[in-house]
Amino acid sequence: DESAEPSISCLSACQAPIQGCIRPGAWIPGYRNIRYYAETWNVQATPDAAFEAFLKAISEFKKSEKGVLGGLDKLRIQRQDKKHHKATVFCFTKVAEWLDVVEISITDGSGWENVTEDLKEGCVVIIRSFSSGFFPTSCPLSPLFSCLCFLMPFGGSYQGPEGTVWTNNSRIKEIRNVMQDKMPIVVTGKTEGCSAL
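Numbering (the working numbering), first residue to last: 1 to 197.
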């Protein structure tokens with residue numbers, strides 16, 4: 001069943017919503033930049049169609065073993081608001097269950113200065129991925145320990161066969177590539193730093 005949520009530990013199920021909300025890994029601007037990535041897209045589709053394409057992409061990665069989203073992560077849609085076109089996806093590493101968060105917000109393209117002329121009828125997507133904290137959610141009291149260690153530098157990367165892979169950047173690129181098969185997407189911005197959607 002493609003809508004089935006992945007199996008995670010009881011500790012992670014209890015602690016992930018807390019750590020995903022307080023996000024100590026994103027508190028300090030200088031430290032968070034190495035484990036945070038965001039893009040803004042102009043998408044030639046309605047907000048409803050773009051939102052459905054995002055949810056379908058996440059469902060496809062749940063069944064896949066490829067890339068960061070399929071090969072490294074256990075994905076759980078934590079929140080989805082179809083009316084306002086916003087969603088939060090929890091990405092747990094498969095063994096220790098470190099928690100990274102993907103958030104998406106989709107709005108009508110009208111009124112945005114950076115919308116290209118051919119996409120005036122489309123929508124604007126803001127998508128970001130970031131690491132929530134230093135401790136994995138499978139560790140007892142991980143939100144507390146992650147808060148206490150919020151100054152601890154850590155990166156969101158691993159060594160792949162072709163060099164360093166930045167997981168947050170890779171997640172967004174993988175989602176964009178799947179969605180681009182269904183609708184034209186123009187990347188209009190790439191940012192670092194974390195603020196609420």
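Don't be surprised by glycine CBs; every beta carbon is placed ideally from N, CA and C.
Does Val-95 pass the burial test, meaning 16 or more other C-beta atoms within 10 Å, or should it be called exposed? exposed
Leaving out five residues before and five after Gln-78 in sequence, what residues of the same chain have Cβ atoms less than 6 Å from its Cβ? Thr-88, Phe-90
In the DSSP assignment, the alpha helix (DSSP H) including Phe-130 goes from what residue to what residue? Segment 123-131 is the beta strand (DSSP E) holding Phe-130; no alpha helix (DSSP H) there.
Counterpart residues of Tyr-36 in DSSP-defined beta bridges: The partner list for Tyr-36 (beta bridge, DSSP) reads Phe-130.
Let me see if you follow: with CB-CB separation under 7 Å, is Ala-16 close to chain D or not? Absent from the structure: chain D. Only one protein chain is present.
Between which two residues does the beta strand (DSSP E) holding Ala-57 run? Unbroken run through Ala-57 is the alpha helix (DSSP H), 47-62; no beta strand (DSSP E).
Pairing CB atoms from the stretch 161-174 with CB atoms from the stretch 21-31, are three or more of them under 8 Å? no
Using the Cβ count rule (16 or more neighbours within 10 Å means buried), how would you classify Leu-69? buried
What residues in its chain sit with their C-beta under 6 Å from that of Ala-57, if we drop five residues either side in the sequence? Ile-175, Val-178, Met-179
Whole angstroms is fine: what's the gap from Ile-38's alpha carbon to Lys-82's? For clarity, residue 38 is Ala in the given sequence; the question names Ile instead. Computed Cα separation, rounded: 21 Å.
Shortest alpha-carbon distance to Val-102 belongs to which of Val-186, Glu-121, Cys-10, Lys-74? Lys-74
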